[in-house]
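Have a look at the structure below before the remarks.
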Amino acid sequence: MLDKNIIHYAALTDIADGIRSREISPVALTQTMLGRIESVDGPLNSYISVTAEEALAQARKAEAEIASGRYRGKLHGMPIAIKDLFYTAGTPSTFGSGAYKNYLANHTATVVQKLEAAGAVILGRLHLHEGAYGEHHADFGADPAHPWVKGYWPGGSSSGSGVATAAGLCFGSLGSDTGGSIRFPSATNGLTGLKPTWGRVSRSGVFTLADSLDTVGPMCRSAADVAAMFDVIAGFDPNDSTSLTAPVPDYSGALAGALGARGLKIGVDWRYVGEDCDPEIVAAMQAALEVLESLGAQVVPIVMPDTEAAGRLQPIMMETECANFHHDLYKADPSGFGKRLSAAIERGMSYDPVKVSQAYIERDKFKGALAQTFETVDMIISPIMTKVGVTYDDLETLLDDLGPVLRFSAPFNMSGSPALTFPVGMAKAGLPIGVQLIGAHISEATLLKAVHAYQQASDWHLKRPSL
115 MLDKNIIHYA ALTDIADGIR SREISPVALT QTMLGRIESV DGPLNSYISV
165 TAEEALAQAR KAEAEIASGR YRGKLHGMPI AIKDLFYTAG TPSTFGSGAY
215 KNYLANHTAT VVQKLEAAGA VILGRLHLHE GAYGEHHADF GADPAHPWVK
265 GYWPGGSSSG SGVATAAGLC FGSLGSDTGG SIRFPSATNG LTGLKPTWGR
315 VSRSGVFTLA DSLDTVGPMC RSAADVAAMF DVIAGFDPND STSLTAPVPD
365 YSGALAGALG ARGLKIGVDW RYVGEDCDPE IVAAMQAALE VLESLGAQVV
415 PIVMPDTEAA GRLQPIMMET ECANFHHDLY KADPSGFGKR LSAAIERGMS
465 YDPVKVSQAY IERDKFKGAL AQTFETVDMI ISPIMTKVGV TYDDLETLLD
515 DLGPVLRFSA PFNMSGSPAL TFPVGMAKAG LPIGVQLIGA HISEATLLKA
565 VHAYQQASDW HLKRPSL
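Reading the sequence shown from the start, the letters are residues 115 to 581 in my numbering.
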């Protein structure tokens, strides 16, 4: 039985059961969530805009359909939110940038169309680093606050997605990941977040940071919740020529029949983790592996392919492609762009072509080497960052040198690999600790099974901030 006093912290899948059985009214639930946003989000600033009227209209439609026997699935009547880089016809899509804050698209992103077709209730649009890159733009108020410990960076660029989902201001959210932007906020906010295989989710109608690296994925409170959202958004889109045609399995259905982690081979390279990784992260990752072993998984020592070049060169690719996207508007009027995004565009326009070509060559080499590794293991476990948490006071210095920040994340954008982040502990500072499982292309179902098994035997994903 759901506790209505803390229903905002309930699992998406539990809410879905209540909606399907008509024990929960989508309209009343949406009103509750809108009220919580109004009362809690002021100091958190996770939302750039709340679309209350549209959300209530979607909830009323869902409630009427369910009452008439037309249940569409687990997202029907479900209050969720989206990072503010997805086009929605008639609603401003700001990209978190002063340069785009009045942008009105004439069409809606395919992923948003899929969510709407599934009957989801979209509460609003979430804060992000400007252009999905380096810092929040002053035009959208204060930096989003960490819901667990004041003063800490809540991750980015999908900062609002991380804060709102962790703080009980939606039951799941959409983020994007080019160098770690789903995984950073998922890790530090105690969420389960999926960066899918490149091309697995359509990017039609999504603002671009780096076209050959960008991915779109769900951020939720558990693997089961992620699977419910991924069931809806994954799949081929004729409007996105880079989207994959591979059949989409029933991700949620696969979890129902999972028998622990039996038979899974999980690779780990402690030298890759490194001596400079925070001891609390290392201890939490070791403990998580012990749980997975007890569930039948086999932990296999591996030697990681060299990630140094891929990680070092990813910012060159990212910034070159970023400059390509923004070039015309930036040249016409750079005044709306913030300091860090402007600097990235300038660098992107000035890189030595030889250095740029080297980045693309190294990407292909790393992709091939990593594919060979997955011939011996089903997945690889890795930290997300070397530190448990970063304060906003330290963030400026951190972002001045992206290489170390992106060490565990960017290589897997280069390879296009799926990576699933999940919580495995709590640090002394009061912050969640997250790690990631990385898999071969199109192996999201296997990653979800592993984390779902782990979450049946642990409770880190059930921890909530006191708000």
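The C-beta atom is built at its ideal place from N, Cα and C for all residues, glycine as well.
All of these numbers come straight from a predicted model, not from anything done at the bench.
Buried or exposed for Leu240, please, with buried defined as at least 16 other CB atoms from any protein chain shown within 10 angstroms of its CB. Position 126 of the sequence shown, counted from the start, is the residue given in the question as residue 240. Its Cβ being crowded by 16 or more others within 10 Å, Leu240 is buried.
I need the straight-line Cα distance from Arg426 to Gly517, nearest angstrom please. Within the sequence shown, numbered from 1, the residue matching residue 426 stands at position 312. Within the sequence shown, numbered from 1, the residue matching residue 517 stands at position 403. Cα to Cα, the separation comes out at about 6 Å.
In chain order, what are the residue ranges of uninterrupted alpha helix (DSSP H) at least 4 long that sit wholly in the stretch 160-205? Counting only runs of 4 or more, we get 166-181.
Are the beta-carbon atoms of Pro261 and Leu509 separated by less than 9 Å? For this step, residue 261 is matched to residue 147 along the sequence shown. For this step, residue 509 is matched to residue 395 along the sequence shown. Between Pro261 and Leu509, the gap from beta carbon to beta carbon reaches 9 Å or more.
Any idea if Lys563 is buried or exposed, counting beta-carbon neighbours within 10 angstroms, 16 or more meaning buried? Counting from 1 along the sequence shown, the entry for residue 563 is found at position 449. Around the beta carbon of Lys563, a 10 Å sphere encloses 16 or more other beta carbons of the protein chains shown; the residue is thus reported as buried.
Identify whether Ala281 lies in helix, strand or coil by the three-state DSSP scheme. In the sequence shown, counting from the first residue as 1, residue 281 sits at position 167. Looking at Ala281 - three-state DSSP - the assignment turns out to be coil, as it is neither helix nor strand.
Near Thr359, what residues of its chain come up, given a Cβ to Cβ distance below 8 Å and the 5 sequence neighbours on each side ignored? What you label residue 359 is simply residue 245 of the sequence shown in a count that begins at 1. Cβ within range, chain order: Phe350.
Is Phe536 helix, strand or coil when you go by DSSP? Start at 1 with the first residue of the sequence shown, and residue 536 comes out as number 422. DSSP places Phe536 in strand when its eight states are reduced to three.
Excluding the 5 residues flanking Thr421 on each side, which residues of the same chain have their C-beta closer than 6 Å to its C-beta? Taking the first residue of the sequence shown as position 1, residue 421 is located at position 307. Excluding five sequence positions before and after Thr421, the CB atoms of its chain that fall closer than 6 Å to its own CB belong to Pro525, given in chain order.
Does DSSP put Gly276 in a helix, in a strand, or in coil? Residue 276 sits at position 162 when you count from the first residue of the sequence shown. Gly276: helix per DSSP, three-state reduction.
Are there 16 or more other CB atoms within 10 angstroms of the CB of Asp390, so buried, or fewer, so exposed? The residue given as residue 390 occupies position 276 in the sequence shown. Looking at its Cβ environment, which holds fewer than 16 other Cβ atoms inside 10 Å, Asp390 is exposed.
Which partner residues of Asp291 appear in the DSSP bridge assignment? Taking the first residue of the sequence shown as position 1, residue 291 is located at position 177. DSSP lists Thr329 as the beta-bridge partner residues of Asp291.
Distance check for Leu484 and Trp267, CA to CA, integer angstroms please. Counted from its first residue, the sequence shown places residue 267 at position 153. Counted from its first residue, the sequence shown places residue 484 at position 370. Using only the alpha carbons, I get a separation of about 31 Å.
Compute the minimum distance between the beta carbon of Pro537 and the heavy atoms of the ligand ATP, and state whether it is under 8 Å. This structure does not include the ligand ATP; it has no bound ligands of any sort.
Pull up the distance between the alpha-carbon of His555 and that of Val382, whole angstroms please. Taking the first residue of the sequence shown as 1, we reach residue 555 at position 441. Taking the first residue of the sequence shown as 1, we reach residue 382 at position 268. Taking the straight line joining both Cα atoms gives about 18 Å.
Distance between Gly319 and Thr208 (C-alpha atoms, nearest Å): For the purposes of this step, residue 208 is identified with residue 94 of the sequence shown, where counting begins at 1. For the purposes of this step, residue 319 is identified with residue 205 of the sequence shown, where counting begins at 1. Put simply, the backbone Cα of Thr208 is about 13 Å away from that of Gly319.
As a quick exercise: from Ser496, His251 and Gly274, pick the residue whose alpha carbon is nearest that of Ala259. Locating residue 259 in the sequence shown gives position 145, counting from the first residue. Among Ser496, His251 and Gly274, the Cα nearest to that of Ala259 is on Gly274.
Helix, strand or coil at Gly548 according to DSSP, with G and I counted as helix: Residue numbering aside, residue 548 sits at position 434 when the sequence shown is read from its first letter. Three-state DSSP puts Gly548 in a strand.
Considering only the beta carbon of each residue, do Gly410 and Asn438 sit closer than 9 Å? Position 296 of the sequence shown, counting from 1, holds the residue named residue 410. Position 324 of the sequence shown, counting from 1, holds the residue named residue 438. No, the pair does not count as a contact, with Cβ atoms beyond the cut-off.
Take Ser471 as the anchor and find which of Ala375, Met432, Gly255 and Leu455 has the nearest alpha-carbon. Counted from its first residue, the sequence shown places residue 471 at position 357. Looking only at Ala375, Met432, Gly255 and Leu455, the smallest Cα-Cα distance to Ser471 is reached by Met432.
When DSSP labels each residue in this structure, what does Met147 get in the three-state scheme? Residue 147 sits at position 33 when you count from the first residue of the sequence shown. Helix, per DSSP.
Am I right that Ser290 and Ala246 are in contact with their C-beta atoms under 8 Å? What's the rounded C-beta distance? Against the sequence shown, residue 290 aligns to sequence position 176. Against the sequence shown, residue 246 aligns to sequence position 132. Rounded, the Cβ-Cβ distance is 6 Å, consistent with contact.
I need the boundaries of the beta strand (DSSP E) containing Leu308, first residue and last residue. The residue labelled residue 308 in the question sits at position 194 within the sequence shown. Per DSSP, Leu308 belongs to the beta strand (DSSP E) from Thr306 to Lys309.
Touch check for the stretch 445-460 and the stretch 523-539: three-plus C-beta pairs under 8 Å? Contact between the stretch 445-460 and the stretch 523-539 is not established, with fewer than three Cβ pairs separated by less than 8 Å.
Figure out for me which residue from Leu308, Thr329 and Ser408 has the closest Cα to the Cα of Ile498. The count along the sequence shown starts at 1 and reaches residue 498 at position 384. Cα-wise, what sits closest to Ile498 is Leu308.
Quick check on this structure: which residue in Ala142, Ala337 and Val519 has the alpha carbon closest to the alpha carbon of Val504? Here the question's residue 504 lines up with position 390 in the sequence shown. Comparing Cα positions, the closest option is Val519.
According to DSSP, which residues form a beta bridge with Tyr214? As a working note, residue 214 is residue 100 in the sequence shown. Answer by DSSP bridge pairing: none, since Tyr214 is not bridged.
Does the pairing of the stretch 441-451 with the stretch 319-338 give three or more beta-carbon distances under 8 Å? Contact between the stretch 441-451 and the stretch 319-338 is absent: fewer than three C-beta pairs spanning the two stretches fall below 8 Å.
Tell me which residues share the same chain as Thr560 and place their Cβ nearer than 8 Å to its Cβ, disregarding the 5 neighbours each side in the sequence. Taking the first residue of the sequence shown as position 1, residue 560 is located at position 446. For Thr560, where only same-chain residues beyond five positions count, the Cβ hits under 8 Å are Leu378, Asp492, Met493 and Gly553.
Counterpart residues of Lys379 in DSSP-defined beta bridges: What you label residue 379 is simply residue 265 of the sequence shown in a count that begins at 1. Under the DSSP definition of a beta bridge, Lys379 partners with Gln412.
When the Cα atoms are used, what is the spatial distance from Phe321 to Ser408? In the sequence shown, counting from the first residue as 1, residue 321 sits at position 207. In the sequence shown, counting from the first residue as 1, residue 408 sits at position 294. When only Cα atoms are considered, Phe321 and Ser408 end up about 43 Å apart.
Val315 lies in the alpha helix (DSSP H); which residues open and close that run? Within the sequence shown, numbered from 1, the residue matching residue 315 stands at position 201. For Val315, there is no enclosing alpha helix (DSSP H), as DSSP marks it with neither H nor E.
Pro352 lies in the beta strand (DSSP E); which residues open and close that run? Mapped onto the sequence shown, residue 352 falls at position 238. Counted as a single uninterrupted DSSP element, the stretch harbouring Pro352 is not any beta strand (DSSP E), since DSSP gives it neither H nor E.
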